[in-house]
Amino acid sequence: MKQFISPFQLALLVANFIFAASLITLPQILTQISNQNTWMVPFLVYPIVVVLLLIGFGRGNKAQSSFLTEQKSSLHHLFYITLGLFLIIIYIRDLRAFVDFTSRALLPTTPIEVIAILVSVVLLYISSAGIEVVTRITVIQFIVLGVTILSLPFMLLNEIELSHITPIFGADTVQDLSKSSFELFPWMGECLIFFSLLGNVTAKKRVRRATIIGVSTGLFLLFLLIITSIAVLGENIVSKSIYPNYIMIQQINITDFMDRLDLIIVIIWMPVMLSKLALTLYCIHRAFFNLNGRATSNLLMTPLSLLLAVLAIILFENNTVHLEFSFLTWTIIGIAMECFLLILIIVLRVRTKDNK
2 MKQFISPFQL
12 ALLVANFIFA
22 ASLITLPQIL
32 TQISNQNTWM
42 VPFLVYPIVV
52 VLLLIGFGRG
62 NKAQSSFLTE
72 QKSSLHHLFY
82 ITLGLFLIII
92 YIRDLRAFVD
102 FTSRALLPTT
112 PIEVIAILVS
122 VVLLYISSAG
132 IEVVTRITVI
142 QFIVLGVTIL
152 SLPFMLLNEI
162 ELSHITPIFG
172 ADTVQDLSKS
182 SFELFPWMGE
192 CLIFFSLLGN
202 VTAKKRVRRA
212 TIIGVSTGLF
222 LLFLLIITSI
232 AVLGENIVSK
242 SIYPNYIMIQ
252 QINITDFMDR
262 LDLIIVIIWM
272 PVMLSKLALT
282 LYCIHRAFFN
292 LNGRATSNLL
302 MTPLSLLLAV
312 LAIILFENNT
322 VHLEFSFLTW
332 TIIGIAMECF
342 LLILIIVLRV
352 RTKDNK
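Quick note: the sequence shown uses the working numbering, first residue 2, plus one each step.
In structure tokens form, the structure reads like this:
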């Protein structure tokens, strides 16, 4: 039985997918490059991502129709195989980031291998339930996290220094902002994976609008975190901290008996990150084992999730190696694969138009 989601749910899935993992360490590398001007970077990347989405969708419902066809061509298979490899890299990267953060902030004495296996079991349970269950969990948790993030500037009002975010323009400003935009773009370009889920959306005419709303929401929340962390901590601390947003929320001190809200906010964020990982695992399984559009058993999802958990541990010797991959290697790989996926989407759309 095919499962369906609404355009509103699709928008929140998109927002959660591009936001949940990028908030962990991405603000650090962006601030290292463009200093206190970093809060401008989302505004530079946003129009590029929207234009690429509009190019992918084209006019009318051609993009949706190209993925709704019963007969899958060799181009469809190439698209899903490329998408599967793309998602595997994202999953391994994000799972290791989640495990490292959990180990450092919450469970410092627990081996990361144990954390990775336990997280994988949870993700397996959620993903095997299907897209509707993953979506319902994401919607509830993302709304709670979104409201929490929107309230952060008010909770940190006494800690904000406007001088920290005053733009400073120099000879290297344009170059630094361009480099930061280059780093941010592949993280936001991950929204292209939702072209594979167009067949599960109920109202086809509202898919393009929902996707753009999701990208807008995710980028806005990331902008809010970046500008708040720089305003509270200053660009020097943000650029040298592995988890600047975590340090930022530790500064919340509303009253004498409410000075450890950081743990509460982390607990709110963790299910959102698990939702992204669960959706990624679901899409990986679908990309490789559902090429013909027919429902397949979830039995292969168990060894798949455990294999990816093992790879997330053995491929990165330590957190430093993982960060270097996330901000150096992944930037090039991500942009290259996203461009290739976009080309395949356009070709599939054009071929569907010619066949009609």
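For glycine and all other residues, C-beta sits at the position ideal for the given N, C-alpha and C.
**Request:** Can you grab the Cα-Cα spacing for the pair T229 / G215, in whole Å?
**Result:** By one-based count along the sequence shown, residue 229 stands at place 228. By one-based count along the sequence shown, residue 215 stands at place 214. Distance between the alpha carbons of T229 and G215: 21 Å.
**Contact the region 116-131 vs the region 139-149: 3+ CB pairs below 8 Å** = no
**Message:** Using a 10 Å radius around the Cβ and a threshold of 16 neighbouring Cβ atoms, would you call Y47 buried or exposed?
**Reply:** Against the sequence shown, residue 47 aligns to sequence position 46. By the neighbour-count rule (16 or more Cβ atoms within 10 Å), Y47 is buried.
**Request:** Give me the Cβ distance between A279 and S197, rounded to the nearest whole Å; I'm assuming they're in contact under 8 Å.
**Result:** Stepping through the sequence shown from its first residue, residue 279 is reached at position 278. Stepping through the sequence shown from its first residue, residue 197 is reached at position 196. Contact flag wrong, Cβ pair sits at about 16 Å.
**Item:** Alpha-carbon spacing of L151 relative to S75, whole angstroms
**Value:** Position 150 of the sequence shown holds residue 151. Position 74 of the sequence shown holds residue 75. Their backbone Cα atoms lie some 45 Å apart in a straight line.
**Asked** Taking buried to mean at least 16 other C-beta atoms within 10 Å of its own C-beta, is E191 buried or exposed?
**Response** For the purposes of this step, residue 191 is identified with residue 190 of the sequence shown, where counting begins at 1. E191 is buried by the Cβ-count criterion.
**Asked** Three-state secondary structure (DSSP) at I250?
**Response** Position 249 of the sequence shown, counting from 1, holds the residue named residue 250. Note: I250 maps to helix in three-state DSSP.
**Request:** Alpha carbon to alpha carbon, how far is L11 from R207? Give it in angstroms, no decimals.
**Result:** Translated into positions along the sequence shown, residue 207 becomes position 206. Translated into positions along the sequence shown, residue 11 becomes position 10. One C-alpha to the other measures close to 10 Å.
**Asked** What residues in its chain sit with their C-beta under 7 Å from that of L307, if we drop five residues either side in the sequence?
**Response** Here residue 307 is taken as the residue at index 306 of the sequence shown, counted from 1. Closer than 7 Å at the Cβ level, and outside the excluded window around L307, lie S121.
**Asked** Using the beta-carbon count (16 or more within 10 Å), is P43 buried or exposed?
**Response** One-based indexing of the sequence shown puts residue 43 at position 42. Result: buried.
**Item:** Simplified DSSP state of I161, which is helix, strand or coil
**Value:** Translated into the one-based positions of the sequence shown, residue 161 becomes position 160. Coil, per DSSP.
**Prompt:** Are at least three pairs of beta-carbons, each pair with one atom in the region 161-181 and one in the region 230-242, less than 8 Å apart?
**Reply:** yes
**Item:** Local Cβ density within 10 Å of F1, reported as buried at 16 or more and exposed below that
**Value:** The chain is shown from 2 up to 357; residue 1 falls before or after that span and cannot be answered.
**For I243, three-class secondary structure by DSSP** = Counting from one through the sequence shown, the residue named residue 243 turns up at place 242. Three-state DSSP puts I243 in coil, outside helix and strand.
**Asked** Residues bridged to I6 by DSSP?
**Response** As a first step, residue 6 is located in the sequence shown; it is residue number 5 there, counting from the start. Note: I6 sits in a beta bridge opposite V202.
**Message:** Please identify the residue among M189, F183, A211 and R105 whose C-alpha is closest to the C-alpha of P8.
**Reply:** On the sequence shown, residue 8 is found 7 positions in, with the first residue counted as 1. Out of M189, F183, A211 and R105, A211 has the C-alpha closest to the C-alpha of P8.
**Item:** Nearest neighbour of A106, chosen from V311, I238, F58 and Q251 [CA to CA]
**Value:** The residue labelled residue 106 in the question sits at position 105 within the sequence shown. Measuring from the Cα of A106, the nearest candidate turns out to be Q251.
**Item:** Neighbour-count burial assignment, V15, 16 or more Cβ in a 10 Å radius
**Value:** As a first step, residue 15 is located in the sequence shown; it is residue number 14 there, counting from the start. Counting Cβ neighbours within 10 Å, V15 comes out buried, since at least 16 surround it.
**Message:** Please classify D101 as buried or exposed, where buried requires at least 16 other C-beta atoms within 10 Å of its C-beta.
**Reply:** As a working note, residue 101 is residue 100 in the sequence shown. That one is buried.
**Request:** Would you tell me roughly how many angstroms separate the C-alpha atoms of I333 and L88, rounded to the nearest one?
**Result:** Within the sequence shown, numbered from 1, the residue matching residue 333 stands at position 332. Within the sequence shown, numbered from 1, the residue matching residue 88 stands at position 87. Looking at the two C-alpha atoms, the distance is approximately 15 Å.
**Message:** Between which residues of its own chain and A301 is the CB-CB distance below 8 Å, once the five residues before and five after are set aside?
**Reply:** Here residue 301 refers to the residue found at position 300 of the sequence shown. With the sequence shown as reference, residue 301 is identified as Leu, and Ala is not the correct amino acid for it. Within the same chain, L301 has close Cβ partners H286 and F290.
**Asked** For the candidate residues L119, I346, V351 and R350, whose alpha-carbon lies nearest to that of T83?
**Response** Residue numbering aside, residue 83 sits at position 82 when the sequence shown is read from its first letter. Among L119, I346, V351 and R350, the Cα nearest to that of T83 belongs to I346.
**Asked** Within this structure, are the beta carbons of L282 and L124 separated by less than 7 Å?
**Response** Along the sequence shown, read from residue 1 onward, the residue named residue 282 stands at position 281. Along the sequence shown, read from residue 1 onward, the residue named residue 124 stands at position 123. Going by C-beta atoms, L282 is nearer than 7 Å to L124.
**Request:** Take L225 and list the residues in its own chain whose beta-carbon comes closer than 8 Å to its own, dropping the five residues that flank it on each side.
**Result:** For this step, residue 225 is matched to residue 224 along the sequence shown. The answer, listed in chain order, is I150, L151, L153 and P154.
**Asked** Should K277 go down as buried or exposed, given a rule of 16 or more other Cβ atoms within 10 Å for buried?
**Response** Within the sequence shown, numbered from 1, the residue matching residue 277 stands at position 276. Burial call: buried.
**Asked** Quick one, are the C-beta atoms of V145 and I269 less than 7 Å apart?
**Response** As a first step, residue 145 must be located in the sequence shown, where it is residue number 144. As a first step, residue 269 must be located in the sequence shown, where it is residue number 268. It is a contact, given that the beta carbons lie within the stated cut-off.
**Prompt:** For I25 versus A98, is the C-beta distance shorter than 7 Å?
**Reply:** As a working mapping, residue 25 is identified with position 24 in the sequence shown. As a working mapping, residue 98 is identified with position 97 in the sequence shown. Yes, they are a contact pair.
**Message:** Quick check on R60: buried or exposed, where buried means 16 or more other Cβ atoms within 10 Å of its Cβ?
**Reply:** In the sequence shown, the residue the question calls residue 60 occupies position 59. Exposed, since its Cβ has fewer than 16 Cβ neighbours within 10 Å.
**Message:** I'd like the list of long-range same chain contacts for C284, defined as Cβ closer than 7 Å, with 5 residues on each side in sequence excluded.
**Reply:** Taking the first residue of the sequence shown as 1, we reach residue 284 at position 283. Taken in chain order, the residues that qualify are L88, I194 and S197.
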